[in-house]
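Student: Per numbering that gives the first Met the number 0, residue 0 is the first one in the sequence shown, and the count goes up by one each step. Glycine included, each C-beta is placed from N, C-alpha and C at the ideal position. Note that the structure is predicted; figures quoted are calculated from it, not measured. Below you'll find the structure I mean.
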Amino acid sequence: MLLLPYKYSRWRTIAIMSIAAIIGLGLFLAKEAEVVSYMSDDPKACVNCHVMTPVYNSWMHSSHREWANCNDCHVPHNNIANKYFFKAKDGLYHASIFTLRKEPEVIFMREASQEVVQDNCIRCHVQQVTQTKYDGWITDHTQNRTERKCWSCHQEIPHGSVHGTSTIQYNIAPLPTDTGETIIPEWIKQELKTSKNEE
């Protein structure tokens, strides 16, 4: 058995205790920050940061709620590695801004996020964007629709026209998204049932 001089064993003890404290603190912070939830596609993970509550609530009341969650629009879908790399990079940026209390009143996408959202708009709405029936009589139809940002025209989709963190009424906590209910009003459901019965 090799005996180390006293000063080396003391430093080894301090190093082990320091590493254990850092790992313990890291695990505690990861649990408190609900880090694992960010790996899911659950929209409620986005509201772990309170500044995202108005964005979440506006999405909850939009038609996109029925078809797309946050990751469907805001994360790349070209491969799994890029998806999680982008989520980690963007999440660390958001976490640092939120921790430093530097979040703006109105949140805007950075350039990298704009590219991702634009690509995802086209990915889901490719038929509407690239319909060839117009190419014969509208000059540069496809280029016109793919080279500019979708939200230059569709400004209120899916987060509405009110974008400030303090401007949405009753902006306390997210509404549950897993209730199985749709946002289709009852009178439309009745109308659909009536029209089916008449056929």
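Can you say whether Pro184 is buried or exposed, counting buried as having 16 or more other CB atoms within 10 angstroms of its CB?
Tutor: Flag for Pro184 reads exposed.
Student: In its own chain, which residues sit with a C-beta less than 7 Å from the C-beta of Val74, not counting the 5 before and 5 after it?
Tutor: Only Lys82, Phe85, Lys86 and Val115 meet the Cβ criterion.
Student: Using the beta-carbon count (16 or more within 10 Å), is Trp186 buried or exposed?
Tutor: Classification for Trp186: exposed.
Student: What first and last residue would you give for the alpha helix (DSSP H) that runs through Met59?
Tutor: First-last of the alpha helix (DSSP H) with Met59: Thr52 to Met59.
Student: Whose CA, out of Asn70, Trp150 and Ser62, lies closest to the CA of Cys199?
Tutor: Since the first and last residues shown for the chain are 0 and 198, residue 199 lies out of range.
Student: With distance defined between alpha-carbon atoms, name the residue in His76, Glu104, Glu31 and Val35 nearest to Ser112.
Tutor: That would be His76, whose Cα lies nearest to the Cα of Ser112.
Student: Tell me whether the beta-carbon of Asn47 lies closer than 8 Å to the beta-carbon of Ser36.
Tutor: The answer is yes: Cβ separation under 8 Å.
Student: So, for Arg144: in the same chain, excluding its five sequence neighbours on each side, which residues have a beta-carbon less than 6 Å away from its beta-carbon?
Tutor: Hits under 6 Å: Val128.
Student: Quick one: residues in its chain with C-beta nearer than 6 Å to the C-beta of Glu207, no 5 flanking neighbours on either side, listed in chain order?
Tutor: Lying before the first or after the last residue shown, residue 207 is absent from the chain, which here runs from 0 to 198.
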